[in-house]
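J.: Take this structure first; my questions come after.
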Amino acid sequence: MRKMRRQSAKVMTAASGPVESTDTNDDVSERIRATLAAAIGEGALKPGTKILEEAIAEHFGVSRTVVRGALGVLESDHLLERKRNRGTFVAEPSVEQAKSLFEARRKIEGLLLELVIARVTPEQLDALQKLTDEEEHIHHHGDEKSKTVLSGKFHIVLAEIAGNSVLTEVLAKIVARLSLVMSLYEEDRKDDCGADHHRMIVAALKEKDLAKAQQLMDHHLADIEGRVRLTEGQGDRHTFLAVLENFS
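By full-length UniProt numbering, the letter at position 150 of the sequence shown is numbered 150, and the numbering carries on one by one without gaps.
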């Protein structure tokens, strides 16, 4: 009996090891996912870039199985796409996908403003105001990466103020995918992070003027959409130009 108990104890101890390892792997998998998502969102990993699983595994000190788990999450979020017998690549949204993403963003952001008007506090409005001030500073003194990150942050913070976690998550995923759209199809590149538009939206929120806030948001998003040319082949052109820039 005692022998059986000792054997059972050994089995339980052995079983507990992999659980701890799985927890650790889950943490690393999330770090990998977050790292790649940030690199894609900031334009460091361009659409069409091949994801090197072996390099990621070596960098994070994990197996390729753990890496593939992280890549699978990014695939489900449409930031990566697996091509048969070729590997995994940063996604290249089609023209139709781009149009759908822009349309969905307009609808969601308009709805979020309704919730913001009803729930925003004076302290949150002050925080939004400070964020637009920071955008203005970055606009004059920061690099393009900083401008892109901060501009997107305004919309996510606004969504968080709305207090609906589901809508916030959906918007965050749409914004991430639109970063790929901008990389592929943007034609009219402006030295502008949207600080002026954001400031006017905050002013309308302070006035509790929903119609004005929605109108300003719609104009702001239309301005962003106006920078892209959604035509077939435009994505291929940008990819080819990127290659020329890198090798010339």
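We put the beta carbon where it would ideally sit given N, CA and C, even for glycine.
#1: Could you tell me which of 107, 139, 187 and 170 sits nearest to residue 197, measuring between CA atoms?
#2: Measure the beta-carbon distance from residue 183 to residue 46 and round it to whole angstroms, keeping in mind my assumption that it falls under 8 Å.
#3: Put residue 269 into one of helix, strand or coil per three-state DSSP.
#4: Three-state secondary structure (DSSP) at residue 88?
#5: In the DSSP output, which residue or residues are listed as bridge partners for residue 82?
#6: Please classify residue 56 as buried or exposed, where buried requires at least 16 other C-beta atoms within 10 Å of its C-beta.
#7: Under the DSSP definition of a beta bridge, which residues are partnered with residue 186?
#8: How long is the line joining the alpha carbons of residue 84 and residue 94, rounded to whole angstroms?
#9: Let me check understanding here. Comparing Cα to Cα, which of 59, 104 and 98 lies closest to residue 227?
#10: Quick one: what's got a C-beta closer than 7 Å to residue 170's C-beta in the same chain, skipping five residues either side?
T.: Result, derived from the coordinates:
#1: Against the sequence shown, residue 197 aligns to sequence position 197. It is 139.
#2: Residue numbering aside, residue 183 sits at position 183 when the sequence shown is read from its first letter. Residue numbering aside, residue 46 sits at position 46 when the sequence shown is read from its first letter. Right, their Cβ atoms sit about 6 Å apart.
#3: Residue 269 lies beyond the stretch modelled for the chain, which goes from 1 to 248, so this question has no answer here.
#4: For the purposes of this step, residue 88 is taken as the residue at position 88 of the sequence shown. For residue 88, the three-state secondary structure derived from DSSP is strand.
#5: On the sequence shown, residue 82 is found 82 positions in, with the first residue counted as 1. Note: residue 82 sits in a beta bridge opposite 88.
#6: Counting from one through the sequence shown, the residue named residue 56 turns up at place 56. So residue 56 ends up on the buried side.
#7: For the purposes of this step, residue 186 is taken as the residue at position 186 of the sequence shown. Note: residue 186 sits in a beta bridge opposite 228.
#8: The residue labelled residue 84 in the question sits at position 84 within the sequence shown. The residue labelled residue 94 in the question sits at position 94 within the sequence shown. Going from the Cα of residue 84 to the Cα of residue 94 covers about 18 Å.
#9: The residue given as residue 227 occupies position 227 in the sequence shown. When only C-alpha atoms are compared, the closest one is 98.
#10: Taking the first residue of the sequence shown as position 1, residue 170 is located at position 170. If we look at residue 170 and ignore the five residues flanking it on each side, its Cβ neighbours are 108.
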